[in-house]
Structure formats: structure tokens, C-alpha cells
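Colleague:
Protein chains: 2
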Amino acid sequence: MTTSAPQDAPQEDYLLLDQQICFSLHAASRAFTSAYRVVLKDLGITYPQYLVMLVLWEQGELPVKKLGERLRLDSGTLSPLLKRLEAAGLVRRERSARDERSVEVRLTGEGTALRERALAVPRRIVSATSFDVDEIRDLRDRLNVLTAALDEAALDEAALED
Amino acid sequence: MTTSAPQDAPQEDYLLLDQQICFSLHAASRAFTSAYRVVLKDLGITYPQYLVMLVLWEQGELPVKKLGERLRLDSGTLSPLLKRLEAAGLVRRERSARDERSVEVRLTGEGTALRERALAVPRRIVSATSFDVDEIRDLRDRLNVLTAALDEAALDEAALED
DNA sequence: CACAATTCAATTGCCCACAACTAAATGGCG
DNA sequence: CGCCATTTAGTTGTGGGCAATTGAATTGTG
Numbered sequence: 004m005t006t007s008a009p010q011d012a013p014q015e016d017y018l019l020l021d022q023q024i025c026f027s028l029h030a031a032s033r034a035f036t037s038a039y040r041v042v043l044k045d046l047g048i049t050y051p052q053y054l055v056m057l058v059l060w061e062q063g064e065l066p067v068k069k070l071g072e073r074l075r076l077d078s079g080t081l082s083p084l085l086k087r088l089e090a091a092g093l094v095r096r097e098r099s100a101r102d103e104r105s106v107e108v109r110l111t112g113e114g115t116a117l118r119e120r121a122l123a124v125p126r127r128i129v130s131a132t133s134f135d136v137d138e139i140r141d142l143r144d145r146l147n148v149l150t151a152a153l154d155e156a157a158l159d160e161a162a163l164e165d
Numbered sequence: 004m005t006t007s008a009p010q011d012a013p014q015e016d017y018l019l020l021d022q023q024i025c026f027s028l029h030a031a032s033r034a035f036t037s038a039y040r041v042v043l044k045d046l047g048i049t050y051p052q053y054l055v056m057l058v059l060w061e062q063g064e065l066p067v068k069k070l071g072e073r074l075r076l077d078s079g080t081l082s083p084l085l086k087r088l089e090a091a092g093l094v095r096r097e098r099s100a101r102d103e104r105s106v107e108v109r110l111t112g113e114g115t116a117l118r119e120r121a122l123a124v125p126r127r128i129v130s131a132t133s134f135d136v137d138e139i140r141d142l143r144d145r146l147n148v149l150t151a152a153l154d155e156a157a158l159d160e161a162a163l164e165d
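Chains A and B supply the protein sequences, listed in that same order.
Sequential numbering from 4 applies to the first sequence in the numbering used here.
Sequential numbering from 4 applies to the second sequence in the numbering used here.
1) Once DSSP output is grouped into helix, strand and coil, what is the label at residue 40 of chain A?
2) With a cut-off of 7 Å, does the C-beta of residue 143 of chain B fall near any C-beta of chain A?
3) Just to confirm the assignment: which complete beta strand (DSSP E) runs, minimum length 3, are found wholly within the segment 70-127 of chain A?
4) Determine, using beta carbons only, whether residue 3 of chain A and residue 95 of chain A come nearer to each other than 7 Å.
5) Is it true that the CB of residue 131 of chain A sits closer than 7 Å to the CB of residue 31 of chain B?
6) Under 7 Å Cβ-Cβ, which residues of chain A neighbour residue 23 of chain B?
7) Does any residue of chain A bring its CB to less than 7 Å from the CB of residue 38 of chain B?
8) Please check the pair residue 85 of chain B and residue 51 of chain B, which I expect to be a contact at CB under 8 Å, by giving their CB distance rounded to whole angstroms.
9) From residue 112 of chain B to residue 41 of chain B, what distance separates their C-alpha atoms?
10) Could you tell me which chain A residues have their CB closer than 7 Å to the CB of residue 132 of chain B, listed as they occur along the chain?
11) Roughly how many angstroms lie between the CA atoms of residue 119 of chain B and residue 122 of chain A, to the nearest whole one?
12) Where residue 66 of chain A and residue 69 of chain B are concerned, what is the direct C-alpha to C-alpha distance, given to the nearest angstrom?
13) Note down the Cα distance separating residue 58 of chain B from residue 23 of chain A, rounded to an integer number of angstroms.
14) Can you tell which of A:127, A:18, A:36 and A:49 has its C-alpha closest to the C-alpha of residue 159 of chain B?
15) Taking 7 Å as the CB-CB cut-off, is residue 48 of chain B touching chain A?
16) Determine the direct distance from the alpha carbon of residue 110 of chain B to that of residue 62 of chain B, and round the result to whole angstroms.
17) Alpha carbon to alpha carbon, how far is residue 36 of chain B from residue 20 of chain B? Give it in angstroms, no decimals.
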């Protein structure tokens with residue numbers, strides 16, 4: 004696999020391409036976040052907080068663990084974020100009675116009500132992208148493939164450390 | 004433009020689509036960053052620091068201002084990051100003699116030398132994505148279009164605040 | 001039952017992103 | 001020349017992301 008490079012010539016070019024792709028993804032992600040920041044300011048929540056609310060609006064309630072799996076975020080990110088959502092009155096956090104290790108995150112009435120106002124968000128974002136729905140879906144699919152491949156590669160890497 | 008919705012029925016669907024696309028982009032960006040984190044650990048730099056080094060390897064030296072324009076980062080991000088690169092011995096920062104407001108960022112010998120080791124990075128990342136070069140280029144182009152559209156929409160928004 | 005391994009959330013510490021503000025230097029303009 | 005708007009970095013404060021660690025609860029196993 005890692006014999007010395009099959010083609011050594013374009014290694015310089017790869018560094019340039021790398022500069023372009025990693026910059027592009029990073030910049031796109033930040034531009035996207037920035038667009039949401041503007042739109043979400045009315046709702047008083049941030050972009051990552053919005054992601055959490057989207058899951059809760061769909062699921063109603065679920066433990067921190069499940070939330071982390073859905074969003075690929077760990078407790079180091081979620082714990083303080085959920086505290087802020089709780090301080091804002093949008094969710095409650097309660098230790099599960101059945102398993103005291105687990106913390107259930109539940110929407111409050113206020114949190115549920117916020118969904119109505121959030122319905123206007125996607126349209127504003129979509130229009131800001133100048134993409135149509137099919138293009139967005141296609142981009143989403145590509146990104147999911149990319150993420151899955153990167154995750155798998157990360158697992159392989161981890162497996163090598165034995 | 005913003006008359007009441009041309010089609011009200013699928014507003015719920017939009018919220019679902021939004022959940023998917025914003026999650027996908029966010030997750031892809033983090034998966035990408037994570038892949039770089041693994042590869043860059045050998046070089047002792049982080050992903051945003053690598054972005055800075057890529058620009059410096061191409062340009063040799065340039066003021067903080069120009070660096071920020073290239074990377075779309077402001078001084079609040081760059082100042083501490085550049086201090087860390089300086090502490091690591093990879094760059095020097097010097098007030099410009101001609102314009103004392105400006106700070107020139109220059110590669111040190113060590114910083115220049117690091118490029119040799121960085122040449123191995125892109126190939127490892129590309130192989131982790133399981134995409135071929137054309138697919139990567141295409142994705143990069145789409146992301147650039149997306150970013151440009153979002154930036155323009157942000158400008159329009161700002162223009163409305165008069 | 002008792003003890004060890006595992007699971008789960010929280011905390012700590014470091015880095016990045018960005019808004020808002022500060023301070024210093026520059027360039028124009030009366 | 002003297003003053004003011006602009007430009008440029010830096011600082012501060014808030015929020016996120018993540019690795020590493022902690023502590024409590026649970027599960028598994030002898």
C-alpha cells in the first residue's frame with residue numbers, strides 16, 4: 004500500500020489542490036454557519052443549538068447519549084450547550100429514573116413553541132444559497148459519502164494501532 | 004419576493020431537508036478537520052495552522068491583513084494563531100518598516116523546511132476520502148459557488164440595514 | 001455477593017471563530 | 001500644520017469542538 008509513491012511528479016500539485024479543497028470546505032462551512040447566525044439571531048439561538056433543536060423537534064425527547072450519536076458530538080460539547088439551552092428555557096435536563104447515569108433532554112413548552120418560528124428558517128437559507136432543492140440534495144449526498152469515507156478511514160487508522 | 008409563501012404545504016419538509024443539509028455540511032467539515040488532525044499531528048500543527056502555512060509556502064511572506072483576506076479570517080482568529088506558530092518557531096512576525104500598522108508574517112527556516120514533510124499530507128487525505136481527484140475538484144467548485152452565493156446574500160442583507 | 005470492567009455525563013484545558021472594542025499609525029483635508 | 005476619518009493588529013468575551021480525565025451508576029463475572 005504505502006510503497007514509495009506510484010507517481011512522484013505531481014506531488015507539488017497535490018499540495019496546491021489540497022490548499023484549494025480544504026480551504027473551500029472550511030470556508031463553505033463557515034459561510035453557512037454565518038448565514039444561519041444571521042437568520043437565527045431572531046430566535047435567540049446559535050447554529051449548533053439549532054441543530055440540537057431540530058433533533059428534539061423531531062424526537063421530542065432523548066438522552067444526551069443519543070443526541071450525541073445523531074449529531075456526532077460528545078459530552079464535552081453537548082453538556083455546556085444544553086446548559087445554555089436550559090438557561091434559555093427551551094429544554095429541561097433530568098436524570099433518567101431507570102438509569103441514573105443517563106440524562107434525558109426534553110423540550111419545554113417554550114422550546115416546542117419555538118418550532119413555529121423556526122419554520123421560516125430553511126426557506127431563507129435555501130434562497131441565500133441560490134441552489135435549488137435538487138442541487139442541495141445532491142450536495143448533501145456527496146458530503147455524506149465524504150463523511151462516511153473519512154470515518155471509515157479513521158477507523159482503519161485506529162485499527163492499525165494494535 | 005417575500006410575499007406569503009408560493010407553496011405552503013412543504014414547509015414541514017423544508018425543515019427536515021434543512022436538518023439534513025446543515026447537519027451534512029457541519030459533519031463533513033468536522034470529519035475533514037478530524038482527518039487532518041490525525042495526519043497533521045506528526046507535523047505538530049493544527050488544521051487552521053496548516054491552512055496558514057499553505058498560504059505562506061505559496062507566498063513566502065505577507066502581512067496579516069492579506070493572510071486574513073486569503074483565508075477569510077479576522078485578526079481575532081489570526082493574532083493568537085500566529086503567536087502560536089511563532090512560539091513553535093515556524094514563522095516570525097515583524098512590524099512593517101514602511102507602515103507600522105502592518106505586521107509581516109515570514110517563514111523561518113524551520114517553517115520552510117516543514118513543507119517537505121507536508122508534501123505527504125494531501126495524498127493521505129485524498130486516499131481517506133475515497134474520492135478521485137476529479138470528484139474532489141468538482142466538490143471544491145460547488146462549495147466555492149455555495150460560499151460565493153452565501154457571501155452575496157449576506158451583503159444584500161447588510162445593504163438592507165440602511 | 002463482591003469486585004472489575006464498562007457506560008454515561010460532566011469537567012478541564014486547549015484551540016478556533018467571531019463580534020465588539022481598543023490603540024496606534026496613516027492619510028487627507030481644511 | 002493640526003485635526004479627523006480610516007486602516008491595521010491586538011484584546012476581550014462568548015460559544016463550539018474535542019481529547020483526556022473524573023466520578024457515579026450499571027453490568028458482568030467469578
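For every residue, glycine included, the Cβ atom is placed at its ideal position computed from N, Cα and C.
Since this is a predicted model, take the numbers as computed values, not measurements.
Modeller: Considering the structure as presented:
1) helix
2) yes
3) 94-98 and 106-110
4) Residue 3 of chain A lies beyond the residue range present for chain A, which begins at 4 and ends at 165; the question has no answer from this structure.
5) no
6) 143
7) yes
8) With 8 Å as the limit, residue 85 of chain B and residue 51 of chain B do not qualify as a contact, their Cβ atoms being about 11 Å apart.
9) 25 Å
10) 149, 152 and 153
11) 50 Å
12) 46 Å
13) 10 Å
14) A:127
15) no
16) 10 Å
17) 24 Å
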